[in-house]
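Written out below as structure tokens is the structure these notes cover.
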Amino acid sequence: MKLHEYQSKELFRQYGIDVPPGEVADTVEQATDIATRLDAGLYVVKAQILAGGRGKAGGVKLARSVDEVTSIAANLIGAELKTYQSGDKGIPVHKVLVTTGVDIEKEFYFGMVLDRARGAVTAMASSEGGVEIEEVARKTPEKIVKASFLPDRGLTRFQAMKLGVALGLQGDTLKQAITMFMAAAKLFVEQDASLVEINPLVLMPDGNLSAVDAKVNIDDNALFRHQELADIRDTSEDDPNETEAAKFGLNYIKLDGTIGCMVNGAGLAMATMDTIKLYGAEPANFLDVGGGATVENVSAAFRILMGDPDVKAILVNIFGGIMRCDVIAEGIVEASRRIDISVPLVVRLSGTNVDEGKKILAASGIAMTPADTIAEAARAVVDAVQKA
2 MKLHEYQSKE LFRQYGIDVP PGEVADTVEQ ATDIATRLDA GLYVVKAQIL AGGRGKAGGV
62 KLARSVDEVT SIAANLIGAE LKTYQSGDKG IPVHKVLVTT GVDIEKEFYF GMVLDRARGA
122 VTAMASSEGG VEIEEVARKT PEKIVKASFL PDRGLTRFQA MKLGVALGLQ GDTLKQAITM
182 FMAAAKLFVE QDASLVEINP LVLMPDGNLS AVDAKVNIDD NALFRHQELA DIRDTSEDDP
242 NETEAAKFGL NYIKLDGTIG CMVNGAGLAM ATMDTIKLYG AEPANFLDVG GGATVENVSA
302 AFRILMGDPD VKAILVNIFG GIMRCDVIAE GIVEASRRID ISVPLVVRLS GTNVDEGKKI
362 LAASGIAMTP ADTIAEAARA VVDAVQKA
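Each residue of the sequence shown is one higher than the one before, counting from 2 in the working numbering.
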């Protein structure tokens, strides 16, 4: 789950990490009111979208008066931004963050990610912060200093000091950095984050540090422990089918092909998609109904697949372990009653209660092609698409 910058900064404030004063606005009038109350000589107006590269796309603007804030907000709210992360499709801007500007002596980068290979959290710092940090990582990775820590132990003071010294910080500024880095690490662990990032981390002329930008991602699998975060999730930028799938406990990812895939288990999903590609077509999605799907879940899965105009055929590939084949069959029958499955359907069932499942499908009268192996099923569904 990605948090907006204004939401991330609110978390930063809770953990004592300094951020510039500011508030979020979803109307031009609110932006004007915020700027008036901030009463600063310099403002920053930032589009709130869940994609990087806002600055280069024109989504971050400086303003030197309240009138300028009003004008910038009017141009941003309701507009669409195209960034290097959003692709060709623009992302609508519904909110802007209005903050006070800061005098910048130097920009740094600080971030933390979950390092699955090490089984630890890796904190990173670089003296080359700002919008080009990706280029730094690509071209001069030696400028990025790292320190790994276990979640149950946290980032030590020594590690935080090592990162601060690597940035060239000294004296009271170094002490600030140590406190800030350790607070960010505490946030990372306590909020079950997968990413915490400050870019840029700004050194001001008075020697103080401020998190001018903030990015926090939360592990979806831990949201049950953080209802307050789940409640503020912004789904406006999500694929509607992914949002709908999540309601039924389905794992769905939209892809670029034409064959809708319904499977149980990520490994089987990958094998199914690979086999489809082997026979000359492309999967339209990854849809995993999991091991505990019900008739209702399966019916919802079909509704989602049929809601994608790119889907020209559907392949159901189920290996019944915990997930019984007869439940899948009943779900297919129920789905056919509720929605029009107007594309070719290929079904391969194997495992627990497979004979019962096949009997249910055979008695249903549904137009479908049965298959006994993945290869047979993939061949059949690819042929159906190519003949359409």
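Heads up, the beta-carbon is just placed ideally off N, CA and C, and yes, glycines get one too.
Remember, it's a predicted structure, so these values are computed and weren't measured experimentally.
>> Considering only DSSP beta bridges, list what P371 is partnered with.
In response: The residue labelled residue 371 in the question sits at position 370 within the sequence shown. The partner list for P371 (beta bridge, DSSP) reads V348.
> Hey, would you say M274 sits closer than 8 Å to F287, going by beta carbons?
Replying inline: Position 273 of the sequence shown, counted from the start, is the residue given in the question as residue 274. Position 286 of the sequence shown, counted from the start, is the residue given in the question as residue 287. It is a contact, given that the beta carbons lie within the stated cut-off.
> Helix, strand or coil for I260 per DSSP?
Replying inline: Mapped onto the sequence shown, residue 260 falls at position 259. I260: strand per DSSP, three-state reduction.
> What does DSSP give as the partner residues of E24 in its beta bridges?
Replying inline: Translated into positions along the sequence shown, residue 24 becomes position 23. Looking at the DSSP assignment, E24 forms a beta bridge with V99.
> Between which two residues does the alpha helix (DSSP H) carrying K90 extend?
Replying inline: In the sequence shown, residue 90 corresponds to position 89, counting from 1. From DSSP, K90 is part of no alpha helix (DSSP H); its letter is neither H nor E.
> Do you know offhand how far A64's Cα is from H5's?
Replying inline: Numbered from its first residue, the sequence shown carries residue 64 at position 63. Numbered from its first residue, the sequence shown carries residue 5 at position 4. The alpha-carbon atoms of A64 and H5 are separated by roughly 21 Å.
>> With three or more C-beta pairs closer than 8 Å as the rule, is the stretch 355-370 touching the stretch 319-330?
In response: By the C-beta criterion, the stretch 319-330 is judged to be in contact with the stretch 355-370, since at least 3 inter-stretch pairs fall below 8 Å.
>> Between which two residues does the alpha helix (DSSP H) holding P201 run?
In response: Taking the first residue of the sequence shown as position 1, residue 201 is located at position 200. Note, P201: premise wrong, no alpha helix (DSSP H); beta strand (DSSP E) at A194 to L204.
> In the structure shown, what three-state DSSP assignment does E331 receive?
Replying inline: Taking the sequence shown and counting its residues from 1, the one referred to as residue 331 is at position 330. E331 falls in the helix class under three-state DSSP.
>> DSSP three-state label for S211, please.
In response: Translated into the one-based positions of the sequence shown, residue 211 becomes position 210. In the structure shown, S211 sits in a strand (DSSP, three-state: E or B).
> DSSP state of I391, grouped into three classes?
Replying inline: No answer is possible for residue 391: the residues shown for the chain start at 2 and end at 389.
>> Going by DSSP in three states, P284 sits in which element: helix, strand or coil?
In response: As a working mapping, residue 284 is identified with position 283 in the sequence shown. P284: strand per DSSP, three-state reduction.
> Can we count T141 as close to the ligand GTP, meaning its CB is less than 7 Å from some heavy atom?
Replying inline: As presented, the structure is devoid of all ligands, the ligand GTP included, so that no description of it is given.
> Between the beta-carbon of Y280 and the beta-carbon of A385, is there less than 8 Å?
Replying inline: To locate residue 280, count along the sequence shown from 1; it is residue 279. To locate residue 385, count along the sequence shown from 1; it is residue 384. Not in contact: Y280 and A385 (Cβ atoms no closer than 8 Å).
> What separation, rounded to the nearest whole angstrom, lies between the Cα atoms of A75 and V99?
Replying inline: Reading the sequence shown from its first residue, position 74 is the one you call residue 75. Reading the sequence shown from its first residue, position 98 is the one you call residue 99. If I take the Cα positions, the gap works out to 13 Å.
> By Cβ distance below 6 Å, which residues in the same chain neighbour M113 in space, the five residues on each side in sequence not counted?
Replying inline: The residue you call residue 113 lines up with position 112 of the sequence shown. Cβ within range, chain order: V122, A124, F189 and V197.
>> Spatial neighbours of F159 within its chain, please: C-beta separation below 8 Å, excluding the five flanking residues on both sides.
In response: As a working note, residue 159 is residue 158 in the sequence shown. Result list for F159: empty, nothing under 8 Å.
> Which of helix, strand or coil does DSSP assign to I179?
Replying inline: Start at 1 with the first residue of the sequence shown, and residue 179 comes out as number 178. Looking at I179 - three-state DSSP - the assignment turns out to be helix.
>> Considering only the alpha carbon of each residue, which of H95, L39, G56 and G23 lies closest to D237?
In response: Locating residue 237 in the sequence shown gives position 236, where the first residue counts as 1. The sequence shown places Ser at residue 237, not Asp. Considering only alpha carbons, the answer is H95.
> How about T259 and D311: are their beta carbons less than 8 Å apart?
Replying inline: Along the sequence shown, one-based indexing puts residue 259 at 258. Along the sequence shown, one-based indexing puts residue 311 at 310. Cβ distance < 8 Å, so T259 and D311 count as in contact.
> To which residues does DSSP link T174 through a beta bridge?
Replying inline: In the sequence shown, the residue the question calls residue 174 occupies position 173. None; T174 has no bridge partner.
>> With the cut-off set at 8 Å, would you say A376 and T276 are in Cβ contact?
In response: As a first step, residue 376 must be located in the sequence shown, where it is residue number 375. As a first step, residue 276 must be located in the sequence shown, where it is residue number 275. Contact: yes.
> What did DSSP end up calling A32 once you bin it into helix, strand or coil?
Replying inline: Taking the sequence shown and counting its residues from 1, one reaches residue 32 at position 31. A32 falls in the helix class under three-state DSSP.
> If you draw a straight line from the alpha carbon of V103 to that of E243, how long is it in whole angstroms?
Replying inline: If you number the sequence shown from 1, residue 103 lands on position 102. If you number the sequence shown from 1, residue 243 lands on position 242. Roughly 39 Å separates the two Cα atoms.
> Roughly how many whole angstroms lie between the Cα atoms of V348 and A301?
Replying inline: Position 347 of the sequence shown, counting from 1, holds the residue named residue 348. Position 300 of the sequence shown, counting from 1, holds the residue named residue 301. Each residue's Cα considered, the two are about 17 Å apart.
> Just the Cα atoms here: how many angstroms apart are K187 and I319?
Replying inline: Residue 187 sits at position 186 when you count from the first residue of the sequence shown. Residue 319 sits at position 318 when you count from the first residue of the sequence shown. The alpha-carbon atoms of K187 and I319 are separated by roughly 42 Å.
> Counting pairs of Cβ atoms below 8 Å between the stretch 252-268 and the stretch 42-52, do you hit three or more?
Replying inline: The stretch 252-268 and the stretch 42-52 do not touch, with fewer than 3 CB-CB distances between them shorter than 8 Å.
> How should P93 be labelled, buried or exposed, when 16 other C-beta atoms within 10 angstroms of its C-beta is the threshold for buried?
Replying inline: Working through the sequence shown from its first residue, we reach residue 93 at position 92. Taking all protein chains shown into account, P93 has fewer than 16 neighbouring C-beta atoms within 10 Å of its C-beta and is therefore exposed.
> Relative to the alpha-carbon of D68, which residue among A41, A58, A80 and I323 has its alpha-carbon at the smallest distance?
Replying inline: Counting from 1 along the sequence shown, the entry for residue 68 is found at position 67. Minimum Cα distance to D68 is reached at A41.
> Is L202 near A212, with beta carbons less than 8 Å apart?
Replying inline: On the sequence shown, position 201 is the one that residue 202 refers to. On the sequence shown, position 211 is the one that residue 212 refers to. If you check the CB distance, L202 and A212 come in under 8 Å.
>> I'd like the list of long-range same chain contacts for M2, defined as Cβ closer than 6 Å, with 5 residues on each side in sequence excluded.
In response: Mapped onto the sequence shown, residue 2 falls at position 1. Here the set comprises I219, D221 and R234.
>> I'd like to confirm the pairing. Which residues does DSSP put opposite K216 in its beta bridges?
In response: The residue labelled residue 216 in the question sits at position 215 within the sequence shown. Answer is E198.
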